[in-house]
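Shown next, in structure tokens, is the structure this report addresses.
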Amino acid sequence: MSDKFDVLVIGSGPAGYVAAIRAAQLGLKTACVEKWVDESGKTKLGGTCLNVGCIPSKALLDSSYKFHEASSELGVHGIAVKGTSLDVPAMIGRKDKIVDQLTGGITGLFKANGVTSIQGSGKLQAGLKVEVTAADGTVSTLEAGNVILAAGSLPVEIPPAPIDNEYIVDSTGALEFQEVPTRLGVIGAGVIGLELGSVWNRCGSDVVVLEALDEFLPMMDMAIAKESAKIFAKQGLDIRMGARVTGAKVKKGKVEVTYSNPDGDNTEVFDKLIVAVGRRPQSENLFTADSGVSMDERGFIFVNDYCETEAPHTYAVGDIVRGPMLAHKGSEEGVMVAERIAGKKAVMNYDTIPSVIYTHPEIAAVGKTEQELKADGIDYKSGSFPFVASGRALAANDSEGMVKMLADAQTDRILGCHVVGPSAADLVQQVVIAMEFGSSAEDIGLTVFAHPTLSETVHEAALAVNGHAIHIPNRKRRK
Ligand SMILES: Cc1cc2nc3c(=O)[nH]c(=O)nc-3n(C[C@H](O)[C@H](O)[C@H](O)COP(=O)(O)OP(=O)(O)OC[C@H]3O[C@@H](n4cnc5c(N)ncnc54)[C@H](O)[C@@H]3O)c2cc1C
1224 MSDKFDVLVI
1234 GSGPAGYVAA
1244 IRAAQLGLKT
1254 ACVEKWVDES
1264 GKTKLGGTCL
1274 NVGCIPSKAL
1284 LDSSYKFHEA
1294 SSELGVHGIA
1304 VKGTSLDVPA
1314 MIGRKDKIVD
1324 QLTGGITGLF
1334 KANGVTSIQG
1344 SGKLQAGLKV
1354 EVTAADGTVS
1364 TLEAGNVILA
1374 AGSLPVEIPP
1384 APIDNEYIVD
1394 STGALEFQEV
1404 PTRLGVIGAG
1414 VIGLELGSVW
1424 NRCGSDVVVL
1434 EALDEFLPMM
1444 DMAIAKESAK
1454 IFAKQGLDIR
1464 MGARVTGAKV
1474 KKGKVEVTYS
1484 NPDGDNTEVF
1494 DKLIVAVGRR
1504 PQSENLFTAD
1514 SGVSMDERGF
1524 IFVNDYCETE
1534 APHTYAVGDI
1544 VRGPMLAHKG
1554 SEEGVMVAER
1564 IAGKKAVMNY
1574 DTIPSVIYTH
1584 PEIAAVGKTE
1594 QELKADGIDY
1604 KSGSFPFVAS
1614 GRALAANDSE
1624 GMVKMLADAQ
1634 TDRILGCHVV
1644 GPSAADLVQQ
1654 VVIAMEFGSS
1664 AEDIGLTVFA
1674 HPTLSETVHE
1684 AALAVNGHAI
1694 HIPNRKRRK
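Sequential numbering from 1224 applies to the sequence shown in the numbering used here.
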């Protein structure tokens, strides 16, 4: 292959495929190199997100929630469901179908937009050349006017709990269980650990989550983290903080896990163990030393605010660069880079990236937490509203949690919003839009919200910021 492309993207995850589509839309001759192949040798587009991340985990979260609802939540509505049972292979099969549909969809979008899909492992060399090694070993060199590195991330492995893909699995293995483990251990109480722990807890596993940190969800607003911990405990998720795993051994078809905490050394026996301790950038063998690209000691490629690397016409986006490891963050970086290559003045607002944990209830956030504002010495005011005071949440029998909004004490400009509760992701998205427009809490307070909706909780939290909430007593009444 001796084609020269205007834009060559390495990696087809949400950062890479979105960058490729946007570049092609802008009239640039674009190709995307992807190394992932299925059992039949066909290229698998979509990266972690579509294949083993966001989408399959949400498919299992939804299936398992429906099972849990049918088994134990419907009685309160006067609905008796007898003899519920779970067909795990069918649940996994449904998930696989959704993944195939969506990854196939990217192939269709590439065709529709004129993006050339190239199978192989890409390695950037000096002079904007990319060496591609196909799954069959064939090596070719492509040339490009611009290269976008979007190679994503992989699960972190830890020496005390080596993955064997049978009893000790990472997040990918946890999406493939063919039966419900009676006792399930999860190492890591982060986003992925909580989501996967919730899936199997709802399916009937007795779940123990071991977390080395002392503080639960330290990246979340403290009030929301505290409320979430209470809700998870009620759901039967046994989350043990300050628990440092020291070993995991498979013995007679079970996993014996040892961990230490302030009380001493402990042992637990599980049917399966999920290791969910974070992800690391996939930057090995991605570029040669003379390509001009460099990375930090953890493997994150150095980029500036525009995702430009230190090499000319070379960019990096998504999980492989600094910032939260989130699909939508990578996609927006991909769009920004494609547009800048096409001569537009696109920029990315890193202050309004929402983050979500898709447990039930969901936990979602945008902007600063109260502890961050305190640490930064910013004068702020806050307003909260509990879902138990929302007519719609009560009607749905889904009234745990709260909305908390933070605003600048002087200007009233919204600085953050934090939610644990039903549809938290969609509620926070409303505040993301408001923040993009530089909204004040009063602006939201002056907006008409349909009744009865869960969105009214955002309205009331915004009113509460200035002491004007209607459906709860205000902490400080202001005129
Ligand atoms: C279980 C789980 C659940 C998640 N849930 C969510 C969620 O709900 N919301 C959310 O926002 N994020 C979620 N994430 C995170 C999300 O999946 C990532 O942030 C996102 O996929 C990163 O996108 P990316 O394009 O940077 O990289 P990736 O999606 O990792 O894609 C990188 C691609 O590059 C390819 N590649 C790597 N090196 C090369 C090479 N040298 N040559 C060719 N191809 C190469 C890889 O094969 C891969 O296909 C989840 C992750 C996991 C594991």
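Where is the CB? At the ideal position from N, CA and C, for every residue including glycine.
Under the rule that 16 or more other beta-carbon atoms within 10 Å means buried, what is Asp-1393, buried or exposed?
-> Indexing the sequence shown from 1 puts residue 1393 at position 170. Burial call: buried.
Which word fits Ser-1607, buried or exposed, when buried means at least 16 other C-beta atoms lie within 10 angstroms of its C-beta?
-> Sequence index remark: in the sequence shown, residue 1607 carries index 384 (1-based). Buried, because 16 or more other Cβ atoms sit within 10 Å of the Cβ of Ser-1607.
Where Gln-1342 falls: helix, strand or coil (DSSP) = Within the sequence shown, numbered from 1, the residue matching residue 1342 stands at position 119. In the structure shown, Gln-1342 sits in a strand (DSSP, three-state: E or B).
Cβ distance (whole Å) where Gly-1276 is taken to contact Tyr-1240 below 8 Å = Position 53 of the sequence shown, counted from the start, is the residue given in the question as residue 1276. Position 17 of the sequence shown, counted from the start, is the residue given in the question as residue 1240. At roughly 14 Å, the Cβ-Cβ gap does not stay under 8 Å, so Gly-1276 and Tyr-1240 are not in contact.
Thinking C-alpha only, which one of Asp-1486, Leu-1509, Ala-1446 and Tyr-1538 is nearest His-1641?
-> Here residue 1641 refers to the residue found at position 418 when the sequence shown is read from its first residue. The shortest Cα separation from His-1641 among Asp-1486, Leu-1509, Ala-1446 and Tyr-1538 belongs to Ala-1446.
Can you find at least 3 beta carbon pairs, one from the stretch 1519 to 1537 and one from the stretch 1410 to 1420, that sit closer than 8 Å?
-> Judged by Cβ distances under 8 Å, the stretch 1519 to 1537 makes no contact with the stretch 1410 to 1420, as fewer than three pairs qualify.
Nearest to Asp-1542 by alpha carbon, out of Ser-1554, Gly-1360 and Lys-1472?
-> As a first step, residue 1542 must be located in the sequence shown, where it is residue number 319. The shortest Cα separation from Asp-1542 among Ser-1554, Gly-1360 and Lys-1472 belongs to Ser-1554.
How is His-1691 classed by DSSP in three states: helix, strand or coil?
-> For the purposes of this step, residue 1691 is taken as residue 468 along the sequence shown, with counting starting at 1. His-1691 falls in the coil class under three-state DSSP.
Kindly identify the DSSP beta-bridge partner or partners of Asp-1461.
-> On the sequence shown, residue 1461 is found 238 positions in, with the first residue counted as 1. For Asp-1461, which the question treats as bridged, DSSP gives the partners Val-1431.
So, helix, strand or coil for Gln-1495, using DSSP?
-> In the sequence shown, residue 1495 corresponds to position 272, counting from 1. It should be noted that the sequence gives Lys, not Gln, for residue 1495. In the structure shown, Lys-1495 sits in a strand (DSSP, three-state: E or B).
Would you mind giving the Cβ-Cβ distance between Ile-1524 and Leu-1372, rounded to the nearest angstrom? I have them listed as a contact below 8 Å.
-> For this step, residue 1524 is matched to residue 301 along the sequence shown. For this step, residue 1372 is matched to residue 149 along the sequence shown. The Cβ separation is near 6 Å, so the contact holds.
Just the C-alpha distance for Ile-1321 and Ala-1243, rounded to the nearest angstrom, thanks.
-> Translated into the one-based positions of the sequence shown, residue 1321 becomes position 98. Translated into the one-based positions of the sequence shown, residue 1243 becomes position 20. Their backbone Cα atoms lie some 23 Å apart in a straight line.
Assign Ile-1302 to one of two classes, buried (16 or more other C-beta atoms within 10 Å of its C-beta) or exposed (fewer than that).
-> Stepping through the sequence shown from its first residue, residue 1302 is reached at position 79. By the neighbour-count rule (16 or more Cβ atoms within 10 Å), Ile-1302 is not buried but exposed.
Any non-hydrogen atom of ligand 1 closer than 6 Å to Val-1256 Cβ = Mapped onto the sequence shown, residue 1256 falls at position 33. Within the cutoff, so yes.
Sort out for me which residues DSSP pairs Asn-1484 with in a bridge.
-> Numbered from 1 along the sequence shown, position 261 holds the residue referred to as residue 1484. Paired residue(s): Gly-1487.
For Glu-1402, which residues of its own chain have a beta-carbon under 6 Å away from its beta-carbon, when the five flanking residues on both sides are left out?
-> As a first step, residue 1402 must be located in the sequence shown, where it is residue number 179. Within the same chain, Glu-1402 has close Cβ partners Val-1311.
Pro-1485 vs Gly-1465 beta-carbon contact at 7 Å | The residue given as residue 1485 occupies position 262 in the sequence shown. The residue given as residue 1465 occupies position 242 in the sequence shown. Yes, the pair counts as a contact, with Cβ atoms nearer than the cut-off.
Thinking Ser-1663 and Thr-1634 are a contact (beta carbons under 8 Å), I'd like their distance in whole angstroms, please.
-> Here the question's residue 1663 lines up with position 440 in the sequence shown. Here the question's residue 1634 lines up with position 411 in the sequence shown. The beta-carbon separation of Ser-1663 and Thr-1634, rounded to 7 Å, stays under the 8 Å limit for a contact.
CB Ala-1499 to CB Cys-1272, shorter than 7 Å?
-> Here residue 1499 refers to the residue found at position 276 of the sequence shown. Here residue 1272 refers to the residue found at position 49 of the sequence shown. In this structure, Ala-1499 lies away from Cys-1272, with their beta-carbon atoms at least 7 Å apart.
With 16 as the cutoff for other CB atoms within 10 Å, does Phe-1510 come out buried or exposed?
-> Counting from one through the sequence shown, the residue named residue 1510 turns up at place 287. With 16 or more Cβ atoms within 10 Å of its Cβ, Phe-1510 is classed as buried.
Excluding sequence positions up to five away, which residues of its chain have a Cβ less than 8 Å from the Cβ of Phe-1672?
-> What you label residue 1672 is simply residue 449 of the sequence shown in a count that begins at 1. Correct list, in chain order: Ser-1678, Glu-1679, Val-1681 and His-1682.
Terminal residues of the continuous alpha helix (DSSP H) containing Val-1655?
-> On the sequence shown, residue 1655 is found 432 positions in, with the first residue counted as 1. Taken as a continuous stretch (DSSP letters only), the alpha helix (DSSP H) holding Val-1655 covers 1647 to 1659.
C-beta contact flag for Arg-1521 and Ser-1376 at 7 Å = Numbered from its first residue, the sequence shown carries residue 1521 at position 298. Numbered from its first residue, the sequence shown carries residue 1376 at position 153. Not closer than 7 Å, so no.
Which residue comes first and which comes last in the alpha helix (DSSP H) that contains Tyr-1240?
-> Start at 1 with the first residue of the sequence shown, and residue 1240 comes out as number 17. Looking at the DSSP string, the run of the alpha helix (DSSP H) that includes Tyr-1240 is 1237 to 1248.
For Val-1304, count neighbouring Cβ atoms within 10 angstroms of its own Cβ and tell me buried if that reaches 16, exposed if not.
-> As a first step, residue 1304 must be located in the sequence shown, where it is residue number 81. It counts as exposed.
Cβ of Met-1394 within 6 Å of any heavy atom in ligand 1?
-> Start at 1 with the first residue of the sequence shown, and residue 1394 comes out as number 171. Residue identity differs from the one stated: residue 1394 is Ser in this sequence, not Met. Yes.
Please confirm whether any heavy atom of ligand 1 lies closer than 6 Å to the CB of Thr-1356.
-> As a first step, residue 1356 is located in the sequence shown; it is residue number 133 there, counting from the start. Answer for Thr-1356: no, Cβ out of range of ligand 1.
Residue from Ser-1287, Pro-1237 and Arg-1245 whose Cα sits closest to the Cα of Cys-1426 = Position 203 of the sequence shown holds residue 1426. When each option's Cα is compared against that of Cys-1426, the closest is Ser-1287.
Using the Cα positions of Ser-1506 and Val-1256, report the straight-line distance between them to the nearest angstrom.
-> By 1-based counting over the sequence shown, the position of residue 1506 is 283. By 1-based counting over the sequence shown, the position of residue 1256 is 33. Each residue's Cα considered, the two are about 15 Å apart.
Spatial neighbours of Lys-1258 within its chain, please: CB distance less than 7 Å, with the 5 preceding and 5 following residues excluded, ordered by chain position.
-> What you label residue 1258 is simply residue 35 of the sequence shown in a count that begins at 1. Cβ within range, chain order: Gly-1343 and Ser-1344.
Three-state class that DSSP yields for His-1300 in the structure shown = If you number the sequence shown from 1, residue 1300 lands on position 77. Here His-1300 sits in helix by DSSP.
Alpha carbon to alpha carbon, how far is Val-1473 from Ala-1335? Give it in angstroms, no decimals.
-> Taking the sequence shown and counting its residues from 1, one reaches residue 1335 at position 112. Taking the sequence shown and counting its residues from 1, one reaches residue 1473 at position 250. The straight-line gap from Cα to Cα measures roughly 49 Å.
Is it the case that the CB of Leu-1549 approaches a heavy atom of ligand 1 more closely than 6 Å?
-> The count along the sequence shown starts at 1 and reaches residue 1549 at position 326. Yes, since a heavy atom of ligand 1 falls inside the 6 Å radius drawn around the Cβ of Leu-1549.
May I ask you to report which of helix, strand or coil DSSP gives His-1291?
-> Position 68 of the sequence shown, counting from 1, holds the residue named residue 1291. Three-state result, His-1291: helix.
Endpoints, alpha helix (DSSP H) assigned at Ala-1550 = Reading the sequence shown from its first residue, position 327 is the one you call residue 1550. Segment 1550 to 1564, the alpha helix (DSSP H) holding Ala-1550.
Note the first and the last residue of the continuous beta strand (DSSP E) segment covering Asn-1424.
-> Taking the first residue of the sequence shown as 1, we reach residue 1424 at position 201. Element bounds for Asn-1424: not the beta strand (DSSP E) but the alpha helix (DSSP H), 1414 to 1425.
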